[in-house]
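Novice: So the numbering used here is basically just the index in the sequence shown, starting at one, shifted up by 15.
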Amino acid sequence: MTREKMLAIELPEEISTRLTALAHKAGISEEEYIKEALLEHIIDIEEAQIAEQILERIHQGQESSHSSKEVRRRLGLES
Numbered sequence: 016m017t018r019e020k021m022l023a024i025e026l027p028e029e030i031s032t033r034l035t036a037l038a039h040k041a042g043i044s045e046e047e048y049i050k051e052a053l054l055e056h057i058i059d060i061e062e063a064q065i066a067e068q069i070l071e072r073i074h075q076g077q078e079s080s081h082s083s084k085e086v087r088r089r090l091g092l093e094s
């Protein structure tokens, strides 16, 4: 069984109005809309952090990168 944490936040009226409209348009509850938006944002941040770590390893010479042209050539996709 998964446990959920309750989190209460105060939203400015403008954001609340926009949230209500978007959730209604999507056919889901405001709570579900917030959960989906928050999860998407968390994933975006995590992916950006991973990209930063990879870029740092490339700069330190611990990892290499290849141009799309080189990858296409190696895969035999160059015409």
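Glycine included, every Cβ here is placed at the ideal spot set by N, Cα and C.
1. Report the three-state DSSP secondary structure of Ser79 (helix, strand or coil).
2. Determine whether the beta carbon atoms of Glu45 and Leu34 lie at a separation below 7 Å.
3. Put Ser44 into one of helix, strand or coil per three-state DSSP.
4. Inspect the beta-carbon positions of Ala38 and Tyr48 and report whether they are closer than 7 Å.
5. With distances taken between CB atoms, is the gap from Glu78 to Arg87 smaller than 7 Å?
6. Helix, strand or coil, according to DSSP, for Leu92 in the structure here?
7. How long is the line joining the alpha carbons of Ile30 and Ala23, rounded to whole angstroms?
8. Can you tell me which of the three DSSP states Glu19 falls into?
Specialist: According to the structure shown:
1. Coil at Ser79, not helix or strand.
2. With respect to the 7 Å criterion, Glu45 and Leu34 are classified as neighbours on the basis of their beta carbons.
3. Here DSSP, grouped into helix, strand and coil, assigns Ser44 to coil.
4. Their beta carbons are under 7 Å apart, which means Ala38 touches Tyr48 by this criterion.
5. No, they are not a contact pair.
6. The three-state secondary structure of Leu92, taken from DSSP, is coil.
7. In this structure, the CA atom of Ile30 is about 15 Å from the CA atom of Ala23.
8. Glu19 sits in coil when the DSSP states are folded into three classes, being neither helix nor strand.
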